[in-house]
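Asks:
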Amino acid sequence: MAKQTFTAGQVLTAAQVNGLQTNDFNLTVSTKTAAYTFVVGDRGTRVVLNDTTARTFTIDDAIFSAGDTINVHNINTGVLTIAAGAGVTLNGADVLTVAQYQGGTIFFTSASSAIFFPTAKTVADSGLTLISSTTIGTTVSSVTVSSAFSSTYDNYAIHISGGVASTANQLIMQLGGTSSGYTRVAQAMTQGSATITGAADTEWRVGGGTTDSLNGWVQLFGPNLAKRTVMQTIWTEPSSTGIGIISWGVLSDSTQYTAFTLTTNTGTLTGGTIRVYGYANS
Amino acid sequence: MTYKVQIDDTVRDATPAEAAAIDATHAASEAQAQAAADKAAAAASGRTKLAALGLTNDEINALLGA
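Protein chains in written order, with the numbering used here: chain A, 53 to 334; chain B, 47 to 112.
1) Where do the ends of the beta strand (DSSP E) carrying Asn123/A lie?
2) Whose Cβ in chain B lies nearer than 7 angstroms to the Cβ of Val258/A?
3) Would you decide whether Leu99/B is buried or exposed? Buried here means 16 or more other CB atoms lie within 10 Å of its CB.
4) If you compare alpha carbons, which of Thr293/A, Ile297/A, Val197/A and Thr181/A is closest to Gly259/A?
5) Suppose contacts are defined by Cβ-Cβ distances below 9 angstroms. Is Thr235/A in contact with Met241/A by that definition?
6) Would Ile127/A pass as an interface residue toward chain E - the criterion being a Cβ-Cβ separation below 9 angstroms?
7) Let me make sure I understand the geometry here. Which of Ile188/A, Thr149/A and Asp264/A has the alpha-carbon closest to that of Ser292/A?
8) By how many angstroms is the C-alpha of Thr65/A removed from the C-alpha of Phe58/A?
9) What does a CB cutoff of less than 8 angstroms around Thr121/A pick up in its chain, not counting 5 residues either side in sequence?
10) Cβ closer than 8 angstroms: which chain B residues qualify as neighbours of Thr230/A?
11) Among Gln68/A, Gly228/A, Ala252/A and Thr230/A, which one has its Cα closest to the Cα of Val237/A?
12) Alpha carbon to alpha carbon, what distance is there between Gln56/A and Ser162/A?
13) Roughly how many whole angstroms lie between the Cα atoms of Ala67/A and Thr74/A?
14) Flag this pair as touching only if the segment 54 to 64 of chain B and the segment 183 to 191 of chain A have three or more C-beta atom pairs under 8 angstroms; answer yes or no.
15) Compute the distance between the beta-carbons of Gln308/A and Ala332/A, then report whether it is under 9 angstroms.
16) Considering only their Cβ atoms, is the gap separating Thr108/A from Ala138/A smaller than 9 angstroms?
17) Should Thr119/B be flagged as near chain A, meaning a C-beta pair shorter than 9 angstroms?
18) Within the 9 angstroms Cβ cut-off, does Ser91/B reach chain A?
19) Report yes if the C-beta distance between Asn267/A and Ser75/B is below 9 angstroms; otherwise report no.
20) Would Ile68/B and Ser231/A be called neighbours here (beta carbons separated by less than 9 angstroms)?
21) Just by C-beta distance, which residues in the segment 57 to 83 of chain B are closer than 9 angstroms to chain A?
22) Under a three-way DSSP split, which group does Ala311/A fall into?
23) Short of 6 angstroms in beta carbon distance, which residues of its chain neighbour Ser304/A, apart from the five on each side in sequence? Order them along the chain.
24) How many angstroms separate the CA atom of Ala89/B from the CA atom of Trp256/A?
25) Can you say whether Met47/B is buried or exposed, counting buried as having 16 or more other CB atoms within 10 angstroms of its CB?
26) Going by Cα to Cα distance, which pick from Met283/A, Thr80/A and Thr315/A is closest to Asp206/A?
27) Kindly indicate if chain B contains any beta-carbon less than 9 angstroms away from that of Gly214/A.
28) Quick one: give me the first and last residue of the alpha helix (DSSP H) that Ser91/B is part of.
29) Once DSSP output is grouped into helix, strand and coil, what is the label at Asn102/A?
30) Between the C-alpha atoms of Val175/A and Gly330/A, what's the straight-line distance to the nearest angstrom?
31) From the DSSP output, which residues share a beta bridge with Pro170/A?
32) What are the residues that DSSP puts in a beta bridge with Phe273/A?
33) I want to see whether chain B comes within less than 9 angstroms of Thr310/A, judged by CB atoms only; does it?
34) Does DSSP put Gly233/A in a helix, in a strand, or in coil?
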């Protein structure tokens, strides 16, 4: 139950008192399935995210007062980010993200400042935070992850796993809408052969798959910084005669990217997961 | 050709522009793969010709820096 305001001389009803007592001993819970901006009625209650897509709960300025608290937790795979709206200062332990089955308390120190206290173990303890987890659909030729990079992290790891390809293929990564400026060099070896083959091209081939499964392990350095982005990747064609490739490349522009797209070089993808992790800056 | 694209959790048919971009990606990838294959074939052919001139494998490797 939200905080009530009583006036002098007012006769309280049993329902009002019981409602407040109930919230003390059994927090009022409101569950969200989309991005959300906190409202004054959330004070002293618990706000829950239940969505498979990464979502943001935003704190706007001049809504709350010093001493107010809001409890939050996340019960689904979409990572919850607690964000400060314009004019709000939000501090937190390492990061302001809440993974599945984690939570925390937002404590307001003024109308425009708050501190987020995680109450469960955060992945940030290990220096690596799951930012998003995208399940690949059926027979798709490309997958875009739109909120992958931000100013919170400089460097990222992207894992592609599970699922299948309709035919042996490779996955080509592009950042944002940029289709040129990519360079890459690679070394490849075929299972059962010690011969190393070198290649140089203008595509970021960062993963691939067969009708068995998909895989790719990509490290991106500075995609959201106003500098060139560096890519390093390792992936293996899941076949007894398949190739394994290690490669590294550069995108020579200073665009600050938030999204990436994986496109097949042939055929389609079905199932599997693309997970984006951020490396804590400190 | 009809393609499906996925934006986060939403799968839909590609727009004409998106389909053209996928076609371009496929064509460029195929061209790069062909260029790599042609280069490998040229290298193999060169080795064969050097061997025909009487060079040993060690001499060819030393010459090519392999």
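Every residue gets a Cβ at the ideal spot worked out from N, C-alpha and C, and that includes glycine.
Replies: With the structure as the only source:
1) DSSP places Asn123/A in the uninterrupted beta strand (DSSP E) bounded by Thr121 to Asn126.
2) From the beta-carbon of Val258/A, no residue of chain B is found nearer than 7 angstroms; the closest lies around 13 angstroms away.
3) With fewer than 16 Cβ atoms within 10 Å of its Cβ, Leu99/B is classed as exposed.
4) For Gly259/A, the nearest C-alpha among the options comes from Ile297/A.
5) The answer is no: Cβ separation not under 9 angstroms.
6) Judged by its chain identifiers, the structure shown contains no chain E, and its protein chains are A and B.
7) Per the Cα distances, Asp264/A.
8) Answer to the nearest angstrom: the Cα atoms are 11 angstroms apart.
9) Leaving aside the five residues that flank Thr121/A on each side, the residues in its chain whose CB is nearer than 8 angstroms to its CB run, in chain order, Arg95, Gly96, Thr157, Ile158, Phe159 and Phe160.
10) In chain order: nothing, as chain B lies at least about 12 angstroms away.
11) Minimum Cα distance to Val237/A is reached at Ala252/A.
12) Per the coordinates, the alpha-carbon of Ser162/A lies some 20 angstroms from the alpha-carbon of Gln56/A.
13) Straight-line Cα distance between these residues: approximately 10 angstroms.
14) Yes, the segment 54 to 64 of chain B is in contact with the segment 183 to 191 of chain A.
15) It is not a contact, given that the beta carbons lie outside the stated cut-off.
16) Not in contact: Ala138/A and Thr108/A (Cβ atoms no closer than 9 angstroms).
17) The structure shown has nothing for residue 119/B, since chain B only spans 47 to 112.
18) For Ser91/B, the answer is no, since every Cβ of chain A falls outside 9 angstroms of its Cβ.
19) Cβ distance not < 9 angstroms, so Asn267/A and Ser75/B don't count as in contact.
20) No, they are not a contact pair.
21) Of all residues in the segment 57 to 83 of chain B, only Val57, Ala60, Glu64, Ala65, Ala67, Ile68, Ala70, Thr71, His72, Ala74, Ser75, Glu76, Gln78, Ala79, Ala81 and Ala82 place a beta-carbon less than 9 angstroms from a beta-carbon of chain A.
22) Reduced to three states, the DSSP call for Ala311/A is coil.
23) So the list reads Gly233 and Arg280, once near-sequence residues are dropped.
24) Cα atoms of Ala89/B and Trp256/A: separation of roughly 25 angstroms, rounded to the nearest angstrom.
25) With fewer than 16 other Cβ atoms within 10 Å, it is exposed.
26) Just measuring C-alpha positions, the residue of Met283/A, Thr80/A and Thr315/A sitting nearest Asp206/A is Met283/A.
27) The beta-carbon of Gly214/A is placed no less than 9 angstroms from the nearest beta-carbon of chain B.
28) Boundaries of the alpha helix (DSSP H) harbouring Ser91/B: Pro62 to Ala98, taken from the DSSP string.
29) Reduced to three states, the DSSP call for Asn102/A is coil.
30) Residue placement at Val175/A is poorly supported in this model, since its pLDDT is 48, which falls under 50; the coordinates still yield a value, given next. Cα-Cα distance, rounded: 10 angstroms.
31) Assignment of beta-bridge partners to Pro170/A by DSSP yields Gly156/A.
32) Partner(s): Asn207/A and Val282/A.
33) Output row for Thr310/A: interface = no.
34) DSSP places Gly233/A in coil when its eight states are reduced to three.
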